[in-house]
Amino acid sequence: MSTYNLPPKPARSTWKKIKTILITVAVIALYVWTFLGINIDWGRAIERAIKNFGIVLPKLFSPDWAALGEVSEKILETIFIAFAGSLMAAILAIPLGFLAAQNMSGSRFVSGIGKWILSGIRAFPDLILAILFVVAVGPNAFAGVMAIAIGSTGMLGKLYSEVVESIDMKVVEAMEASGANKIQILFHGVLPQIIPEFLSYAIYRFEVDIRASSILGIVGAGGIGLMIMFAASNRNWNEMGLILLAIIVVVTVIDFFSAKIRRKIV
Amino acid sequence: MIEFKNVGLVYPNGTEGLKNVNVKINDGEFVVIVGLSGAGKSTFIRSINRLVTPTSGELLVDSEDILEYRGGDLRKLRTKVGMIFQNYNLVKRTNVLKNVLAGRLGHTGTLRSILNLYKKEDVGLAYESLQRVNIADKLYNRADELSGGQQQRVSIARVLTQKPSYILADEPVASLDPPTSHQVMTYLKKINKEDNITTIVNLHFIDMAMEYADRIIGMRAGEVVFDGPVSEVSEKTFEEIYGRSIREDDMVGGADES
Amino acid sequence: MTKKEEQLTITKAPSIYPAKTKTQVSIILFAVIAFYLYSMYRAQDEMVGGIGSALTNMWSVMVKFFPPNFNVVSAIMPAMAETIQMAIIATTVAAILTVPLALLSARNIATFKPIYFIFRTFLNILRTIPDLVLAVLFVGMFGIGVFPGILALIIFSLGILAKLISETIEAVDMNPLEAIRASGGNTLQVISYGLVPQVLPQFTSFVLYVFEINIRASVVLGLVGAGGIGLILDQQIGFYNYPNAMTIIIVIFVVVIAIEYISNKIREALI
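What follows is the structure, given as structure tokens:
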């Protein structure tokens with residue numbers, strides 16, 4: 001084989017090299033910290049798995065149809081919680097979304113505040129909110145509705161503000177030029193542009209909330225979650241199988257129709 | 001040598017891509033295929049490296065029927081037949097050198113290639129190929145930082161790195177402006193002469209075909225309607241191939257500018 | 001204008017919206033509100049004293065959470081660390097497992113229809129099960145501890161990640177892949193040379209996004225005995241130790257915000 005002249009090495013600045021090294025070290029350190037810190041009890045997990053696998057799985061796949069009445073009642077309650085919560089969030093998020101949209105609030109400072117409020121709300125996991133509301137209003141579905149409503153407001157407000165920021169401001173300008181006042185502009189220039197997307201996001205959020213509300217019962221905030229807890233602690237895996245099936249069916253059906261409606265709206 | 005014997009191709013939707021094609025291409029030839037779009041030029045070229053598979057007849061490359069090839073055989077055929085595309089088909093986010101090295105994939109073990117462990121000769125070969133098309137200075141640029149003409153030169157370098165016996169070029173200049181087109185065609189012609197690589201190019205510009213080809217094959221509706229050395233070709237020939245009179249947009253022009 | 005026509009314009013001024021749309025919108029709006037009222041009625045059904053007394057009660061309870069007891073911060077740090085570690089491990093494993101799964105559920109790579117269909121359906125079903133339900137199941141199978149929690153996070157994030165990435169794969173430019181196939185590359189080489197460079201930035205971005213989701217999820221896994229800080233939170237609330245609970249909530253809040261901020265910065269730099 002003849003000799004080839006090899007290409008010159010790529011010229012890379014020292015800063016870039018240092019950066020690469022720093023990132024590599026940081027990532028390695030993170031993983032070392034993770035794997036040294038975590039304490040997985042393999043012996044116990046394996047021992048339990050051997051004991052339980054043959055018992056739990058077959059039972060999961062043969063649902064206990066006798067519990068159908070109770071399961072459907074609780075699934076319905078789950079849907080009610082999700083619906084009421086989503087609707088409240090869809091409305092609560094409107095003023096916050098406008099506040100956080102830079103082209104509406106006019107100043108970076110005001111929209112910044114709006115954005116901070118929204119990301120503050122988003123930082124609370126739904127279930128933590130549910131715990132707080134259970135403490136405040138007692139263990140019932142209303143606590144669940146409030147948790148869903150507040151939790152969803154954070155995400156919806158952010159999505160709404162992005163929609164508002166993306167509207168065509170020329171329409172607004174044209175209306176201003178024709179002498180319309182702020183309220184008129186809002187109703188005739190802004191709302192028609194944003195309503196389809198707002199609706200679409202609200203419906204999408206309902207999909208997410210169905211999943212979220214199905215676990216609220218774990219902390220006592222209503223819905224099917226409580227049944228999940230009972231079924232697990234009584235090791236009633238046949239009933240758990242039916243609950244799982246119910247969740248999968250309901251979520252799939254709602255996702256399907258929601259996607260259909262959203263496609264029609266936008 | 002490439003030999004089409006009664007080759008036909010019917011696409012699953014019923015369209016006939018090739019109809020009873022009989023063509024023999026000798027080693028070292030520079031063949032240009034002309035025809036309107038949809039005439040089967042692409043199908044013809046892509047049959048040779050089996051990106052499409054003819055449904056009837058025999059297609060011999062170096063006296064072996066490649067229509068029976070599968071898996072390993074097919075990859076061996078493809079390492080021997082390089083291809084250049086209209087849209088360059090470079091990986092845009094990857095640098096030029098790595099794009100060119102992709103030409104060595106067929107010669108490199110899977111593990112080696114995935115771990116980027118190329119042999120020194122391969123890297124050297126890639127660099128040399130880039131030098132041959134005068135773009136070695138862009139070695140570590142990302143492919144999407146280059147102009148269309150530069151990208152097409154990189155894709156020529158990729159094919160050179162493959163050390164092929166045949167080069168197929170599917171409308172290599174259709175996305176380029178006239179001066180750049182001539183530059184790219186000049187490189188293709190130079191490589192054809194210097195390395196004695198059989199080159200088959202699809203073009204729809206008449207003047208360009210006349211300028212660079214040794215031999216012209218005309219296609220219409222999947223059939224070969226003309227096959228002969230460039231000296232036998234006149235404007236009338238093209239009118240027969242195209243089935244209509246020649247228009248100005250059948251010419252690329254710009255030959256004097258390059 | 002004749003007399004008759006004039007009469008018509010006065011009595012029937014055309015509405016801006018077609019009458020059909022108006023009725024449709026009204027009906028839908030009515031149904032939505034009715035369903036909402038019924039939902040709210042059902043939700044407060046079992047509540048003593050109804051919504052009114054609950055809301056007044058809320059304030060008096062909320063006050064008990066303040067001031068938070070910051071003396072326990074050092075005591076909850078190990079649990080918080082465990083929560084983050086669980087999310088890191090789960091995200092890493094999910095990112096690795098996603099690769100084959102996403103390839104097999106991308107229409108342009110898994111050209112064999114049944115395979116594509118089976119994997120798509122599998123992912124769709126996987127995504128319908130909430131993370132905490134998975135955790136409950138795994139705690140039942142493997143006993144309490146971090147292992148079932150990590151497993152639940154892996155499975156849950158796998159569903160999201162594989163879908164996002166298979167969609168990214170379906171959107172790539174197929175031309176470079178064809179070029180590599182034409183130069184004799186085998187399937188693995190086509191994927192690693194043509195596909196990987198195109199999807200890598202989005203892949204990393206989605207992995208970080210899923211990491212954010214996993215952090216939030218792992219915070220509450222402890223509620224069902226699957227490890228992390230949630231367990232302590234549940235205990236403190238159970239003991240009516242609200243100032244301690246508030247501290248835990250604040251720590252969670254700060255950590256989630258900080259991680260999201262960093263992850264967002266990295267993602268912005270990537271794309």
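Just so you know, the protein sequences line up as chains C, L and P, in that order. Just so you know, full-length UniProt numbering puts 159 at position 159 of the first sequence, and the rest follows in order with no gaps. Just so you know, full-length UniProt numbering puts 183 at position 183 of the second sequence, and the rest follows in order with no gaps. Just so you know, full-length UniProt numbering puts 138 at position 138 of the third sequence, and the rest follows in order with no gaps. Virtual Cβ for every residue (Gly too), placed ideally from N, Cα, C.
I believe residue i touches residue j by the beta-carbon criterion, under 8 Å. Please report the beta-carbon distance rounded to the nearest angstrom.
i                 : j                 : result
Ser-183 (chain P) : Leu-59 (chain L)  : At roughly 19 Å, the Cβ-Cβ gap does not stay under 8 Å, so Ser-183 (chain P) and Leu-59 (chain L) are not in contact.
Phe-134 (chain P) : Ala-152 (chain P) : The sequence shown places Leu at residue 134 (chain P), not Phe. Confirmed, about 4 Å.
Ala-93 (chain C)  : Thr-20 (chain C)  : Not really, about 42 Å apart at Cβ, beyond 8 Å.
Gly-241 (chain C) : Phe-61 (chain C)  : 6 Å
Asp-207 (chain L) : Val-31 (chain L)  : Actually they are not in contact, since the Cβ atoms of Asp-207 (chain L) and Val-31 (chain L) sit about 17 Å apart, beyond 8 Å.
Glu-240 (chain L) : Phe-226 (chain L) : 7 Å
Glu-142 (chain L) : Gly-103 (chain L) : Before going further, note that residue 142 (chain L) is Arg rather than Glu in the sequence given. Actually they do not touch by this definition, with Cβ atoms about 18 Å apart.
Leu-18 (chain L)  : Pro-54 (chain L)  : 6 Å
Ala-39 (chain L)  : Ala-221 (chain L) : 6 Å
Met-219 (chain L) : Ile-33 (chain L)  : 6 Å
Phe-119 (chain P) : Ala-217 (chain P) : Their Cβ separation, rounded to whole angstroms, is 23 Å, which puts Phe-119 (chain P) and Ala-217 (chain P) out of contact at 8 Å.
Using a threshold of 7 Å, state whether the C-beta atoms of residue i and residue j are closer than that.
i                 : j                 : result
Ile-213 (chain P) : Leu-233 (chain P) : no
Thr-252 (chain C) : Thr-128 (chain P) : yes
Met-80 (chain P)  : Ile-229 (chain P) : yes
Val-7 (chain L)   : Asn-49 (chain L)  : no
Ser-205 (chain P) : Ala-102 (chain P) : no
Leu-156 (chain C) : Ala-221 (chain C) : no
Leu-221 (chain P) : Gly-149 (chain P) : yes
Ile-131 (chain C) : Ile-237 (chain P) : yes
Ile-148 (chain C) : Gly-54 (chain C)  : no
Thr-56 (chain P)  : Phe-211 (chain P) : no
Leu-127 (chain C) : Ala-100 (chain C) : no
Ile-200 (chain L) : Leu-168 (chain L) : yes
Val-61 (chain L)  : Ile-2 (chain L)   : yes
Ile-185 (chain C) : Met-169 (chain C) : no
Val-252 (chain L) : Val-23 (chain L)  : no
Val-145 (chain C) : Met-58 (chain P)  : no
Ile-224 (chain C) : Lys-74 (chain C)  : yes
Leu-104 (chain P) : Ala-95 (chain P)  : no
Gly-37 (chain C)  : Gln-235 (chain P) : no
Ala-67 (chain C)  : Glu-197 (chain C) : no
Glu-235 (chain L) : Ile-246 (chain L) : yes
Does the beta-carbon of residue i have 16 or more other beta-carbons within 10 angstroms, so that it is buried, or is it exposed?
i                 : result
Met-210 (chain L) : buried
Lys-265 (chain P) : exposed
Phe-142 (chain P) : buried
Thr-2 (chain P)   : For Thr-2 (chain P), the predicted structure reports a pLDDT of 47, less than 50, and the residue's modelled location is therefore unreliable. A value from the coordinates is still provided. Result: exposed.
Val-199 (chain P) : buried
Gln-24 (chain P)  : exposed
Ala-11 (chain C)  : exposed
Asn-244 (chain P) : buried
Glu-68 (chain L)  : exposed
Ser-155 (chain L) : buried
Met-77 (chain P)  : exposed
Ala-202 (chain C) : buried
Glu-194 (chain L) : exposed
Asp-209 (chain C) : buried
Tyr-11 (chain L)  : exposed
| What are the residues of the stretch 199-216 of chain P that lie near chain C, defined by any Cβ-Cβ distance shorter than 7 Å? | Arg-216
| Where in the stretch 192-264 of chain C do unbroken runs of the alpha helix (DSSP H), each at least 4 residues long, occur, reported from the N-terminal end onward? | Counting whole runs of 4 or more residues, the stretch 192-264 of chain C contains the alpha helix (DSSP H) stretches 225-233.
| field | alpha helix (DSSP H) runs contained entirely in the stretch 188-257 of chain P, provided each spans 4 or more residues | value | 196-221, 230-238
| task | With 9 Å as the limit, tell me which residues of the stretch 9-27 of chain C have their beta carbon closer than that to any beta carbon of chain P; keep them in chain order. | result | none
| task | Would you list, in sequence order, the uninterrupted beta strand (DSSP E) runs of no fewer than 3 residues that lie entirely inside the stretch 5-78 of chain C? | result | none
| query | According to a CB-to-CB cut-off of less than 8 Å, which residues of the stretch 143-160 of chain P neighbour chain C? | reply | If the cut-off is 8 Å between Cβ atoms, the stretch 143-160 of chain P has Gly-143, Gly-145, Val-146, Phe-147, Pro-148, Ile-150 near chain C.
| query | Closer than 7 Å, Cβ to any Cβ of chain P: which residues of the stretch 85-115 of chain L, in chain order? | reply | Phe-85, Asn-87, Asn-89, Leu-90, Val-91, Arg-93, Thr-94, Ala-102, Gly-103, Leu-105, Gly-106, Thr-110, Ser-113, Ile-114
| task | Counting only runs of 3+ residues fully inside the stretch 9-51 of chain L, write out the beta strand (DSSP E) ranges in chain order. | result | 16-25, 30-34
| In chain order, each alpha helix (DSSP H) run of at least 4 residues that lies wholly inside the stretch 199-251 of chain L | Within the stretch 199-251 of chain L, the alpha helix (DSSP H) runs of at least 4 residues that lie entirely inside it are, in chain order, 206-212, 235-242.
| Against chain P: residues of the stretch 62-85 of chain C by CB proximity under 7 Å | Glu-77, Phe-80, Ile-81, Phe-83, Ala-84
| request: Return the residues of the stretch 17-43 of chain P that lie within a Cβ-Cβ distance of less than 8 Å from chain C, sorted by chain order. | output: Listed by position, the residues of the stretch 17-43 of chain P near chain C (Cβ gap below 8 Å) are Val-32, Phe-35, Tyr-36, Tyr-38, Ser-39, Met-40, Arg-42, Ala-43.
| query | What are the start and end residues of each continuous beta strand (DSSP E) run of 3 or more residues lying completely inside the stretch 129-173 of chain L, in chain order? | reply | For the stretch 129-173 of chain L, the full-length beta strand (DSSP E) segments reaching 3 residues or more read 166-169 along the chain.
| query | Got a sec: which bits of the stretch 160-191 of chain L sit with their beta carbon under 7 Å from any beta carbon on chain P, in order along the chain? | reply | Gln-162
| task | Could you name each continuous alpha helix (DSSP H) segment of 4 residues or more that falls completely within the stretch 71-149 of chain P, going from the start of the chain to the end? | result | Listed in chain order, the complete alpha helix (DSSP H) runs (minimum 4 residues) inside the stretch 71-149 of chain P are 73-104, 113-128, 131-142.
| task | Using a Cβ-Cβ cut-off of less than 9 Å, give me the residues of the stretch 139-155 of chain L that come near chain C, in sequence order. | result | Leu-139, Tyr-140
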